[in-house]
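Asks: There's a structure below that I have some questions on.
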Amino acid sequence: MKRVKRLLAGIVSLLLAVTIIGNENLIVTHAATLPTSNVFISGSTDKGYNAKVTYDLKVSQASKMVLTCMSYGDVSMSYYSADLSERYDTVYAYTDSAASPVTKVITAYVSPGTYKVVIDNERSAASRYQIKASISSLGANDIEPNDFDHAMTLNKGATITGALTTQDREDWYKITTTSKFVRLSISAYEDMDINVYNQDLSETLDYDYLYGKPASPDQQILEFCGSNVYYVKVSSGSWDDGGKYKLSWTAGTVPTVKNVKLQKLSSTEIKVTWDQNNAFDYYQVYRATSEKGKYSLLGVYNKYYDTKYSTGLKTGTKYYYKVRGYRVINKRRVMGAFSPVVSATPSLKAPKNLTVAQSGKKTLSITWSFDSEASYYQVYRASSLNGKYALLGTYDKYTTYKRSTSLTSGRRYYYKVRSYKWVSGKRVFSPFSDIRSGVAK
1 MKRVKRLLAG IVSLLLAVTI IGNENLIVTH AATLPTSNVF ISGSTDKGYN
51 AKVTYDLKVS QASKMVLTCM SYGDVSMSYY SADLSERYDT VYAYTDSAAS
101 PVTKVITAYV SPGTYKVVID NERSAASRYQ IKASISSLGA NDIEPNDFDH
151 AMTLNKGATI TGALTTQDRE DWYKITTTSK FVRLSISAYE DMDINVYNQD
201 LSETLDYDYL YGKPASPDQQ ILEFCGSNVY YVKVSSGSWD DGGKYKLSWT
251 AGTVPTVKNV KLQKLSSTEI KVTWDQNNAF DYYQVYRATS EKGKYSLLGV
301 YNKYYDTKYS TGLKTGTKYY YKVRGYRVIN KRRVMGAFSP VVSATPSLKA
351 PKNLTVAQSG KKTLSITWSF DSEASYYQVY RASSLNGKYA LLGTYDKYTT
401 YKRSTSLTSG RRYYYKVRSY KWVSGKRVFS PFSDIRSGVA K
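Letter by letter, the sequence shown follows residues 1 to 441 of full-length UniProt numbering.
So this is what it looks like as C-alpha cells:
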C-alpha cells in the first residue's frame with residue numbers, strides 16, 4: 001500500500017511539472033522567471049527531440065524586447081502568450097560543434113504582460129545553451145485598450161507617444177474640433193500606416209505609409225477637413241514589426257492675402273497685384289463699383305500668380321477690389337479671409353511733353369504728345385503761374401499743336417493742356433499737364 005502511495009505521489013509531482021504548449025501536448029521543464037538584465041544565463045535541455053525548457057518573461061509596459069540564444073547544440077527559441085495558446089516567433093540555432101556556438105536573436109515590440117520563452121531541443125542528445133533578455137520601454141503614454149470603440153481623445157497641442165506591438169497592431173484616436181482644417185503631425189520610429197476618417201468612417205480623408213527607423217523617424221504632416229469629429233488609426237501590417245510613434249495636431253489656418261495694390265494702366269484698365277504666398281493653392285479676385293456693394297468674381301488663379309489685369313473698365317468710374325486665397329484639402333476648398341478693400345479710378349493720363357517756343361513776332365507755339373485714348377484736347381493760358389487760366393480752344397485727338405498769337409512782346413505767358421473723352425454722355429477729363437511758359441518777342 002505504501003508503495004502505491006509513493007507511486008501516486010510521483011505521478012502527481014510529474015504532472016505538476018507539465019506544461020501544455022499549443023496542441024503539441026509535450027512535457028517541458030519549468031524554469032524561473034527570465035531576467036531582463038541582458039545577461040546570459042546557462043541552461044540545458046533533457047535528451048530527446050522536443051524536450052523543452054520554458055521561462056516566464058514579464059513586461060510591465062510597451063517595450064522593445066530582445067531575446068538572444070547562444071546554442072551549443074541544436075535548439076529553437078520561441079516566445080508565446082502566457083497561456084501558450086499563441087506562438088509569436090521562433091528562431092533556430094543549430095551547430096555541429098559545441099566549440100562553435102551559434103547565436104540567434106528575436107527582436108519584437110511587445111505589450112505589457114507575461115510571456116513564455118521556450119527552448120526546444122531539436123536532436124536526440126541533450127543540448128546546452130545560454131539565453132538572455134533585454135527590455136527597453138517605448139515610453140508610451142497612450143491608454144489601452146485603444147481600439148475604435150475605445151478611441152483615445154487626442155487633444156489639440158498635446159503629444160501622444162504610442163506603441164504598436166506584436167499583440168496590438170492598431171491604435172485609434174479621436175479628434176474633435178471646429179477649426180477649418182487639421183494639421184496632424186506623426187513621427188514613426190518603424191514602418192507603419194496612418195489613416196484618417198470622418199466621423200462615420202464613410203470616407204478616408206488622408207493616409208500615408210511611413211518608413212521610420214529608431215534613430216531616424218519618418219516625420220510627416222497630414223492635413224484634412226470636412227468634419228468636426230475625426231478618427232485616426234495607426235496600424236502595422238503582418239509584415240511590419242510595430243514600434244513607437246508620436247502624434248500631435250494643431251488647428252489649420254489659411255492666411256489673408258497681403259499687400260494688394262492697384263495700378264492704373266490706362267483709362268479702361270487697372271492692374272491688381274498681391275504678394276504671392278505658397279500657403280495658398282489658389283487666389284480669387286473680386287471687383288465692385290461701390291465699397292459695400294456686390295462684388296463679382298473676376299477669376300481664379302493658381303498659387304504662382306500675383307497679378308490680375310482688370311480690363312474693359314469705364315473711364316472715370318471708381319472700382320473696388322479685394323483678394324482672398326484658399327487651400328484645397330481632400331478635395332474641399334478651405335477659404336482664407338478677404339484682403340482689405342482697395343480702390344482706383346481709371347482715367348486719362350495727363351498730356352505729356354508740353355513745350356512752349358517762340359514762333360514769330362508776338363506768337364508762341366504750343367505742342368504736346370499724341371494720346372490714343374483721348375478724344376479732345378483743351379489748351380489753357382495765363383499771364384502768371386498761379387493766375388487765372390483761360391481756355392484758348394478745344395482740338396480733336398489728332399491735333400497736338402496750337403499757335404498762341406497777338407501776344408504782348410516781352411511778356412511771359414503760361415500754358416497747360418488737358419484731354420477728355422465722352423463716357424455715357426459725359427465728358428471725363430484727364431489731369432492737367434505740367435505748366436510750361438514762354439516769352440513773346
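Where a beta carbon is used, it is the ideal one built from N, C-alpha and C, also for glycine.
Could you tell me the distance, in whole angstroms, from the CA atom of T311 to the CA atom of N386?
Replies: 38 Å
Asks: Going straight from the alpha carbon of T355 to that of V342, what length do you get?
Replies: 36 Å
Asks: With a threshold of 16 other CB atoms inside 10 Å of the CB of S60, please say whether the residue is buried or exposed.
Replies: exposed
Asks: Can you give me the start and stop residues for the beta strand (DSSP E) that S90 sits inside?
Replies: Reading off the sequence, residue 90 comes out as Thr, not Ser. T90 -> beta strand (DSSP E) spans R87 to Y94.
Asks: Under 8 Å: do the stretch 308-323 and the stretch 266-277 share three or more Cβ pairs, one atom per stretch?
Replies: yes
Asks: Taking the alpha-carbon positions, what's the T19 to M65 distance?
Replies: Annotation note: pLDDT 39 at T19 (below 50); position unreliable, coordinate value reported separately. Those two C-alpha atoms are separated by around 24 Å.
Asks: From the DSSP output, in three-state form, read off F148 for me.
Replies: Here F148 sits in helix by DSSP.
Asks: Quick check: the Cα distance between V285 and A357, rounded to an integer number of angstroms?
Replies: 49 Å
Asks: Pick out whichever of R332, R403, A288 and W422 has its Cα sitting closest to the Cα of T363.
Replies: Here the closest residue by C-alpha is R403.
Asks: With a threshold of 6 Å on Cβ separation, who are the neighbours of M70 within its own chain once the five nearest residues in sequence on each side are excluded?
Replies: P101, T103 and Q130
Asks: Distance check for S433 and K397, CA to CA, integer angstroms please.
Replies: 15 Å
Asks: Which residue's Cα is closest to the Cα of S97: R327, R128, L297 and V257?
Replies: The candidate whose alpha carbon is nearest that of S97 is R128.
Asks: Going by beta carbon distance, what residues of the same chain come within less than 6 Å of I21, once the five residues before and after it are set aside?
Replies: Residue placement at I21 cannot be trusted, given a pLDDT of 40 that sits under 50; the coordinates are not used to answer.
Asks: Spatial neighbours of R123 within its chain, please: CB distance less than 6 Å, with the 5 preceding and 5 following residues excluded, ordered by chain position.
Replies: Excluding residues up to 5 positions away in sequence, D74 lie with their Cβ nearer than 6 Å to the Cβ of R123 in the same chain.
Asks: From I119, Y420, Q263 and Q199, pick the residue whose C-alpha is nearest to that of N50; which is it?
Replies: I119
Asks: Exposed or buried, D200, counting other C-beta atoms within 10 Å across all chains shown (16 or more means buried)?
Replies: exposed
Asks: Which stretch, first to last residue, makes up the beta strand (DSSP E) that contains G438?
Replies: R436 to V439
Asks: Beta-carbon within less than 6 Å of V300's beta-carbon, same chain only, minus the 5 sequence neighbours each way: which residues are those?
Replies: Y282 and Q284
Asks: Taking all protein chains shown into account, decide if P214 is buried (16 or more other Cβ within 10 angstroms of its Cβ) or exposed.
Replies: By the 10 Å Cβ count, P214 comes out exposed.
Asks: With a CB to CB cut of under 6 Å and the five nearest residues on each side skipped, what residues in its chain are close to Y207?
Replies: N195
Asks: Short of 7 Å in beta carbon distance, which residues of its chain neighbour R436, apart from the five on each side in sequence? Order them along the chain.
Replies: Around R436: L354, T355, V356 and Y415.
Asks: According to DSSP, simplified to helix, strand and coil, what is E223?
Replies: Strand, per DSSP.
Asks: Spell out whether any CB of chain C is found under 8 Å from the CB atom of M77.
Replies: As a matter of chain content, chain C is missing from the structure shown, which is built from one protein chain.
Asks: To the nearest angstrom, report how far apart S179 and W422 are at their CA atoms.
Replies: 52 Å
Asks: For I106, collect the residues of the same chain with a Cβ closer than 6 Å to its Cβ; drop the 5 residues on either side in sequence, then sort them by chain order.
Replies: L67, D89 and V91
Asks: Tell me the residue span of the beta strand (DSSP E) that contains F40.
Replies: Run containing F40: none; DSSP gives neither H nor E here.
Asks: According to DSSP, is E122 helix, strand or coil?
Replies: Assignment of E122 by DSSP, reduced to helix, strand and coil, places it in the coil class.
Asks: According to DSSP, V196 sits in a beta bridge with which residue or residues?
Replies: Beta-bridge partners of V196 (DSSP): D206 and V232.
Asks: Measure from the alpha carbon of T177 to the alpha carbon of each residue in Y189, G157 and M192, then state which is nearest.
Replies: Comparing alpha carbon positions, the residue from Y189, G157 and M192 closest to T177 is G157.
Asks: Within 10 angstroms of its Cβ, does L391 collect 16 or more other Cβ (buried), or is it exposed?
Replies: exposed
Asks: With K362 as the anchor, note down where its beta strand (DSSP E) starts and where it stops.
Replies: Unbroken run through K362: none, as it is neither H nor E.
Asks: Since residue 443 and W274 are thought to touch, with beta carbons under 8 Å apart, how far apart are those beta carbons, to the nearest angstrom?
Replies: Any answer about residue 443 is impossible in this case: the structure gives the chain only from 1 up to 441.
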